[in-house]
Amino acid sequence: MARVYADVNEHMPRSYWDYDSVNISWGVLENYEIVRKIGRGKYSEVFEGINVVNYQKCVIKVLKPVKKKKIKREIKILQNLAGGPNVVALLDVVRDNQSKTPSLVFEAINNTDFRTLYPRFSDYDVRFYVFELLKALDFCHSKGIMHRDVKPHNVMIDHEKRKLRLIDWGLAEFYHKGTEYNVRVASRYFKGPELLVDFQEYDYSLDMWSLGAMFASMIFRKEPFFHGNSNSDQLVKIAKVLGTEELFEYLDKYDIELDPQYDDILSRFPRKPWHSFVNAENQRFVSDEAIDFLDKLLRYDHAVCPSSVPASRPKLTNLPSQERLTAQEAMAHAYFDPVRADAQALSHNNVTLP
Numbered sequence: 073m074a075r076v077y078a079d080v081n082e083h084m085p086r087s088y089w090d091y092d093s094v095n096i097s098w099g100v101l102e103n104y105e106i107v108r109k110i111g112r113g114k115y116s117e118v119f120e121g122i123n124v125v126n127y128q129k130c131v132i133k134v135l136k137p138v139k140k141k142k143i144k145r146e147i148k149i150l151q152n153l154a155g156g157p158n159v160v161a162l163l164d165v166v167r168d169n170q171s172k173t174p175s176l177v178f179e180a181i182n183n184t185d186f187r188t189l190y191p192r193f194s195d196y197d198v199r200f201y202v203f204e205l206l207k208a209l210d211f212c213h214s215k216g217i218m219h220r221d222v223k224p225h226n227v228m229i230d231h232e233k234r235k236l237r238l239i240d241w242g243l244a245e246f247y248h249k250g251t252e253y254n255v256r257v258a259s260r261y262f263k264g265p266e267l268l269v270d271f272q273e274y275d276y277s278l279d280m281w282s283l284g285a286m287f288a289s290m291i292f293r294k295e296p297f298f299h300g301n302s303n304s305d306q307l308v309k310i311a312k313v314l315g316t317e318e319l320f321e322y323l324d325k326y327d328i329e330l331d332p333q334y335d336d337i338l339s340r341f342p343r344k345p346w347h348s349f350v351n352a353e354n355q356r357f358v359s360d361e362a363i364d365f366l367d368k369l370l371r372y373d374h375a376v377c378p379s380s381v382p383a384s385r386p387k388l389t390n391l392p393s394q395e396r397l398t399a400q401e402a403m404a405h406a407y408f409d410p411v412r413a414d415a416q417a418l419s420h421n422n423v424t425l426p
C-alpha cells in the first residue's frame, strides 16, 4: 500500500476515477492544421500544429488504433490534472470524421532534446529541473494518479523560459490500494524492480524509482544509467549496482519467486558505492547531498508497510528503513536548498530566472 495518498480515490466520487463512463466532448477538427511530424511512439504519432482560429502553436497527438478505454483513461486523467504545476495542458480532443481516429491537442513547448540539453546543464540546472519535475509528480500523486512512464523523453524543457512539462499520460493510471496492476508499463531503462520481478501491487513509488534512474544519468553523465538489453538483463544491471543481498531480502519480504531464467544470469554481486561512479567529467554534479538524495530514491523496496508482508513471514525489524522517498519528501531534501526559494518564487510569480 502507498505510504501517501493511499485513499485519494476512495474519497472521490466514482465519476472522478471511473474513466469507462467518460463521455468525450469532441472539438472541431478543422480548427487545427498539422505543420510537421515531431515524434512517434508505440501508441501515437505526434505533430507540431497550429490553431487556425487564434494562430497559436500546439502539439497534436494522433492516436493509433487502441482500445477506447485506454483513450478515455488518458483524457480523464489529463482533465483531472488540468492546471496542475508542470503538467502538460490538454487543450482539445478531436477526431477525423471518416477514419474516426482521435487526436489530443496539447500546449506547445519549445523543447530541446535531452541528449543535447542535459550535457549543457550546470549543477544548479539539474537541481532546478528535478525540483520542477517533483512538483508535477507530487501533484499527480496527490490526485490519486501514477504516471508510470517517467523518463527524459517525457519531460519537455524550454530552457530559455526555464519551463518544464511532464507529458505523455497514456500509461498513467488511478491508484487504488490493494489493486494489482499491469507490470508492462514504463520504459525498460526506467522500470522499477517491482515491475521486473512481476510484483503487481505497486504504487506511486514506481515513479520515484524512474525519477531516480533519470537523476543518476544526469549527475553521473551516463545515459541511461541502468542499460539493460532486455527486462531480465535490466534487473541484472540494477543488481550489479545495488547488490544481490538486498535484492534477495526484498524478494523474501514479499514472497516473490524469481523467474527461473535468473538462475543462470543473476550471480552474487556486492553493492557498488555511489562514489565509484564519480569521475573528472561529472564530479561537479556529485555533492554529498546529491548522493544521499539518489540513494533514497534507488531502493529495491518500494515501500515499507507491515500489511504488505505476508502474515506467515517474520517482520524484518532488523532491516534499515528501505522505502523510497515520496515526491513530497524528495522536495524537502537538502539537495534542493539552493533552488527551493527560486523555484517557489517562479511558481508564484512566473518569473523568468537568469
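Here the numbering used here is used: the first residue of the sequence shown is 73, the next is one more, and so on.
Even glycine gets a Cβ: it sits at the ideal position worked out from N, Cα and C.
Computed from a predicted structure; not experimentally measured.
query = In whole angstroms, what is the alpha-carbon distance linking Asp-195 and Arg-356?
reply = 7 Å
request  = Give the range of the alpha helix (DSSP H) segment to which Ile-363 is assigned.
outcome  = 360-367
message = On the DSSP letters alone, give me the boundaries of the beta strand (DSSP E) that Ser-93 sits inside.
response = Run containing Ser-93: none; DSSP gives neither H nor E here.
request  = Would you tell me roughly how many angstroms separate the C-alpha atoms of Asp-270 and Leu-307, rounded to the nearest one?
outcome  = The alpha-carbon atoms of Asp-270 and Leu-307 are separated by roughly 11 Å.
key: Straight-line Cα distance separating Met-286 from Pro-224   = The C-alpha of Met-286 is placed about 7 Å away from the C-alpha of Pro-224.
request  = Take the Cβ of Arg-192 as the centre, count every other Cβ of all protein chains shown within 10 Å, and call the residue buried at 16 or more, exposed below.
outcome  = exposed
query = Distance, Cα to Cα, Glu-321 vs Asp-327?
reply = 10 Å
message = By alpha-carbon positions, which one of Ser-304, Arg-412, Ala-417 ends up nearest to Pro-332?
response = Ser-304
key: Residue interval of the alpha helix (DSSP H) (run including Arg-234)   = Secondary structure note for Arg-234: it is in no alpha helix (DSSP H), with a DSSP letter that is neither H nor E.
key: DSSP-derived helix/strand/coil call for Ile-149   = Secondary structure of Ile-149 (DSSP, three-state): helix.
ask   = Out of Ile-239, Gly-284, Arg-112, which has the shortest C-alpha to C-alpha gap to Leu-162?
value = Ile-239
request  = Just mark Ser-97 as buried or exposed, buried being the case when its beta carbon has 16 or more other beta carbons within 10 Å.
outcome  = exposed
Segments assigned alpha helix (DSSP H), at least 4 residues, entirely inside the region 222-306 = 265-268, 277-292
request  = Return the chain-ordered list of same chain residues with a C-beta closer than 7 Å to the C-beta of Ala-362, the five sequence neighbours on each side being excluded.
outcome  = Ile-291, Tyr-407
key: Cβ-based neighbour list, Pro-382, same chain, cut-off 6 Å, excluding 5 preceding and 5 following   = Confidence at Pro-382 is low in this model, with a pLDDT of 43, below 50, so its placement is unreliable and the value that follows should be read with caution. Asp-327.
message = Quick check: what's the CA-CA separation for Ser-359 versus Ser-214?
response = 30 Å
query = Hey, is the region 248-265 in contact with the region 102-115, meaning 3+ C-beta pairs nearer than 8 Å?
reply = no
key: Unbroken beta strand (DSSP E) run spanning Ser-116, endpoints   = 116-123
ask   = Would the region 257-266 and the region 173-186 be scored as touching if the rule is three or more Cβ pairs under 8 Å?
value = no
message = Quick check on the DSSP output: what are the complete beta strand (DSSP E) runs of length 3 or more inside the region 159-207, in order along the chain?
response = Within the region 159-207, the complete beta strand (DSSP E) runs of at least 3 residues are 162-167, 174-179.
message = Taking the alpha-carbon of Leu-209 as reference, which of Ala-417, Leu-397, Ala-413 has the nearest alpha-carbon?
response = In terms of CA proximity to Leu-209, Leu-397 leads the group Ala-417, Leu-397, Ala-413.
query = DSSP three-state call for Lys-136: helix, strand or coil?
reply = coil
request  = Under the assumption that Tyr-253 contacts Ala-74 (Cβ atoms under 8 Å), give the Cβ distance between them as a whole number of angstroms.
outcome  = Going by Cβ atoms, the distance from Tyr-253 to Ala-74 rounds to 12 Å, so no, they are not a contact pair.
ask   = Which residue from Gln-151, Lys-148, Val-107, Val-138 puts its Cα closest to that of Val-131?
value = Val-107
message = Check for me: the alpha helix (DSSP H) holding Ile-337 runs from which residue to which?
response = Start and end: 334-337.
Where the beta strand (DSSP E) through Glu-105 begins and ends = 104-112
ask   = Which stretch, first to last residue, makes up the alpha helix (DSSP H) that contains Gln-400?
value = 399-403
ask   = Hey, would you say Arg-145 sits closer than 8 Å to Tyr-88, going by beta carbons?
value = Not closer than 8 Å, so no.
Reference Asn-81, options Met-218, Tyr-104, Lys-172, Val-94, closest by Cα = Met-218
query = How many angstroms separate the CA atom of Leu-268 from the CA atom of Ile-337?
reply = 14 Å
ask   = For Ala-311 versus Phe-349, is the C-beta distance shorter than 8 Å?
value = no
message = I need the DSSP call for Val-313, collapsed to helix, strand or coil.
response = helix
ask   = Is DSSP giving Ile-328 helix, strand or coil here?
value = coil
ask   = DSSP on Val-76, reduced to helix/strand/coil?
value = coil
query = If Glu-375 sits next to Glu-395, beta carbons under 8 Å apart, how far is it from one beta carbon to the other, in whole angstroms?
reply = This sequence places Ala at residue 375; Glu is not what is there. About 5 Å separates the two Cβ atoms, so the contact holds.
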